[in-house]
Amino acid sequence: MSSPTSTPHKGKILIRGGRVVDPRQGIDRVADLLIEDGKIKSIGANGSSAAGAEIIDAAGKVVAPGFVDVHVHLREPGGEGKETIATGTRAAAAGGITSVVSMPNTSPPMDNVSDIQFVIGRAAQLGSVRVYPTGTISKAREGQELSEIGAMVRVGCVAITDDGNGVQNSQLLRRALEYTKTFDIPVMEHCEDAALFGSGVMNEGSLATRLGLKGIPRQAEYIMAARDIALAELTGGRLHLTHMSTKESIDLVRQAKKRGVRVSADVTPHHLVLTEDAVAEYMTNAKVNPPLRTKADVDALREGLRDGTIDCVATDHAPHTQNEKAQEFNFAPFGLIGLETALPLLVTELVRPGLIPLSDLIKRFSDAPARIFKLPGGSLETGAHADVVIFDLEAKQTFTHFLSKSQNSPFLGWQMYGVVERTLVGGNTAYARAASSTPADRH
Ligand code: DOR
Numbered sequence: 063m064s065s066p067t068s069t070p071h072k073g074k075i076l077i078r079g080g081r082v083v084d085p086r087q088g089i090d091r092v093a094d095l096l097i098e099d100g101k102i103k104s105i106g107a108n109g110s111s112a113a114g115a116e117i118i119d120a121a122g123k124v125v126a127p128g129f130v131d132v133h134v135h136l137r138e139p140g141g142e143g144k145e146t147i148a149t150g151t152r153a154a155a156a157g158g159i160t161s162v163v164s165m166p167n168t169s170p171p172m173d174n175v176s177d178i179q180f181v182i183g184r185a186a187q188l189g190s191v192r193v194y195p196t197g198t199i200s201k202a203r204e205g206q207e208l209s210e211i212g213a214m215v216r217v218g219c220v221a222i223t224d225d226g227n228g229v230q231n232s233q234l235l236r237r238a239l240e241y242t243k244t245f246d247i248p249v250m251e252h253c254e255d256a257a258l259f260g261s262g263v264m265n266e267g268s269l270a271t272r273l274g275l276k277g278i279p280r281q282a283e284y285i286m287a288a289r290d291i292a293l294a295e296l297t298g299g300r301l302h303l304t305h306m307s308t309k310e311s312i313d314l315v316r317q318a319k320k321r322g323v324r325v326s327a328d329v330t331p332h333h334l335v336l337t338e339d340a341v342a343e344y345m346t347n348a349k350v351n352p353p354l355r356t357k358a359d360v361d362a363l364r365e366g367l368r369d370g371t372i373d374c375v376a377t378d379h380a381p382h383t384q385n386e387k388a389q390e391f392n393f394a395p396f397g398l399i400g401l402e403t404a405l406p407l408l409v410t411e412l413v414r415p416g417l418i419p420l421s422d423l424i425k426r427f428s429d430a431p432a433r434i435f436k437l438p439g440g441s442l443e444t445g446a447h448a449d450v451v452i453f454d455l456e457a458k459q460t461f462t463h464f465l466s467k468s469q470n471s472p473f474l475g476w477q478m479y480g481v482v483e484r485t486l487v488g489g490n491t492a493y494a495r496a497a498s499s500t501p502a503d504r505h
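Going by the working numbering, the sequence shown opens with residue 63, and the numbers climb by one from there.
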């Protein structure tokens with residue numbers, strides 16, 4: 063069996079008359095995009111023709127490089143009740159995402175060559191989009207001993223992370239940063255001081271006190287961000303800080319970049335949009351790690367994204383079953399799904415209100431993550447894989463169901479602009495919105 067990712071499309075496709083936005087090439091204009099044998103052939107004047115080409119009418123729509131999501135939990139192996147490579151990549155395609163970087167906190171955790179090969183093999187068979195696996199920093203994610211990093215990299219591991227946990231042992235992180243210099247891959251850190259985090263379940267502050275819930279102090283994140291930056295500075299290694307949630311972390315990254323430290327960062331759509339108020343009704347679908355913070359943090363994250371301190375947007379798509387999330391707040395697992403809502407949320411909350419230009423959003427969700435993780439996507443340059451998203455900025459839809467196996471989203475029932483019409487991977491259609499699916503209203 064083959065997937066859209068393993069066999070490129072044969073023949074020509076002309077995507078006609080869309081607003082083609084490709085930040086890497088500085089393009090934002092109405093044009094025609096020609097694809098041939100699964101690769102980008104050219105961006106031509108609107109109204110061009112190509113003999114024998116399949117025509118996709120994109121008038122009034124945006125045509126952009128497929129999104130690259132560097133933080134996705136596909137849960138396979140061991141968590142197939144929550145998500146699989148097949149269901150997770152189908153959800154990604156529906157969100158316009160054509161490449162995902164998968165997290166290694168599976169059961170068992172991905173700390174060796176055969177685990178990495180398993181994900182690559184499954185994705186080639188069953189994936190709707192490209193999957194790039196990460197391996198753990200430490201064996202069994204126990205934070206004691208380095209995993210077989212070199213061997214994993216040789217078979218296709220694109221970064222290392224103990225995501226779900228921060229690396230508590232500074233010496234281990236130092237060695238990981240030093241060792242990975244040989245391969246020039248990022249060490250992706252989930253910044254969390256475990257002792258400070260304790261048994262907290264939401265942001266520490268007066269709301270947590272009122273709700274009778276144990277708080278997670280913001281210092282649990284930014285103390286570790288500061289330490290990690292110090293170690294990146296010491297070693298010259300490449301550090302990527304994932305799912306940043308506090309204004310202090312953003313300041314630390316901003317200062318570090320000014321000093322020339324090799325640090326990059328990502329932020330999730332939910333941290334850019336929601337505050338801790340989302341858990342006020344004990345809504346477990348908004349229980350996430352790091353926790354949703356305050357308005358001041360949201361503002362700082364938005365400013366960080368705007369000024370480039372934060373390099374990219376990543377979803378931290380973290381599926382959990384209905385039963386798990388139906389438990390009382392203290393016991394429900396951390397995490398929410400994000401593949402299908404990332405674009406609509408950011409279009410609705412940031413782009414349409416004029417907080418960031420559309421081309422910047424596309425840069426932060428395709429070009430920048432592809433560069434940082436050295437992945438092939440992120441641009442519509444001639445000769446690149448034809449990984450393309452076509453979406454409608456003016457249409458809106460209400461999310462009542464997701465293609466993901468899990469439904470743990472705080473955005474169920476939200477009406478949002480930015481409807482994905484079609485997603486191509488290597489020229490193959492990985493997702494096409496059915497005419498009969500939830501009606502998308504246009505203004
Ligand atoms: O909310 C989260 N869920 N944060 C993490 O870091 C891990 C993730 C998961 O695996 O469920």
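For every residue, glycine included, the Cβ atom is placed at its ideal position computed from N, Cα and C.
Here the structure is a predicted model, which is why all the values come from computation and not from measurement.
Taking Cβ positions, are residue i and residue j nearer each other than 8 Å?
| i | j | result |
| --- | --- | --- |
| Ser-421 | Pro-195 | no |
| Ala-156 | Val-191 | no |
| Gln-74 | Glu-142 | Sequence inspection shows Lys at residue 74; the Gln mentioned does not correspond to that position. Contact flag unset, no. |
| Pro-352 | Ser-307 | yes |
| Gln-187 | Glu-443 | no |
| Pro-472 | Met-345 | yes |
| Ile-434 | Pro-248 | yes |
| Ala-282 | Leu-258 | yes |
| Gly-408 | Thr-377 | Sequence inspection shows Leu at residue 408; the Gly mentioned does not correspond to that position. Their beta carbons are not under 8 Å apart, which means Leu-408 does not touch Thr-377 by this criterion. |
| Arg-236 | Leu-296 | yes |
| Val-215 | Phe-180 | no |
| Arg-426 | Val-375 | yes |
| Val-125 | Ile-452 | yes |
| Val-92 | Gly-79 | yes |
| Val-329 | Leu-367 | yes |
| Glu-251 | Val-229 | yes |
| Leu-412 | Leu-334 | yes |
| Ala-238 | Ile-199 | yes |
| Lys-436 | Asp-503 | no |
Ignore the nearest five residues each way along the sequence and tell me which others in residue i's own chain have a CB closer than 6 Å to its CB.
| i | result |
| --- | --- |
| Ile-432 | Correcting the residue type first, residue 432 is Ala in the shown sequence and not Ile. Excluding sequence neighbours, Ala-432 sits near Val-130, Gly-439, Gly-440. |
| Ala-185 | Ile-147, Val-193 |
| Asp-90 | Val-83, Ser-421 |
| Gly-226 | Asn-167 |
| Arg-152 | Ser-190, Leu-465 |
| Ala-213 | Val-175 |
Please classify residue i: does DSSP put it in a helix, a strand, or coil?
| i | result |
| --- | --- |
| Glu-402 | coil |
| Thr-304 | coil |
| Phe-391 | coil |
| Ser-161 | strand |
| Lys-72 | coil |
| Arg-184 | helix |
| Arg-495 | coil |
| Val-413 | helix |
| Gln-233 | helix |
| Pro-127 | strand |
| Arg-433 | helix |
| Leu-273 | helix |
| Asp-177 | helix |
| Arg-203 | helix |
Within 8 Å of any Cβ in chain C, is that where the Cβ of residue i sits?
| i | result |
| --- | --- |
| Val-132 | Structure shown: chain C not included; a single protein chain is present. |
Can you list, in chain order, the residues of its chain whose CB lies under 8 Å from that of residue i, leaving out five sequence neighbours each side?
| i | result |
| --- | --- |
| Gln-469 | Gln-384, Ile-399, His-463 |
| Tyr-284 | Cys-253, Thr-308, Glu-310, Ser-311, Leu-314 |
| Ala-394 | Thr-346, Lys-349, His-382, Glu-386, Lys-387, Ala-388 |
Closer than 7 Å by C-beta to residue i: which residues in its own chain qualify, once you throw out the five before and the five after it? Chain order, please.
| i | result |
| --- | --- |
| Thr-485 | Gly-128, Ala-155, Gly-158, Thr-160, Val-451, Ala-492, Tyr-493 |
| Asp-119 | Arg-78, Gly-79 |
Every unbroken alpha helix (DSSP H) within the stretch 320 to 371, with a cutoff of 4 residues, ordered by chain:
331 to 335, 357 to 369
Three-pair Cβ contact test at 8 Å for the stretch 363 to 370 versus the stretch 478 to 493:
no
Curious, which full-length beta strand (DSSP E) runs of at least 3 residues does the stretch 435 to 462 contain?
450 to 460
Output the residue ranges of the alpha helix (DSSP H) runs that lie fully inside the stretch 464 to 489 and measure 4 residues or longer, sorted by chain position.
none
Which ranges would you report for the alpha helix (DSSP H) in the stretch 234 to 267 if only whole runs of at least 4 residues count?
256 to 259
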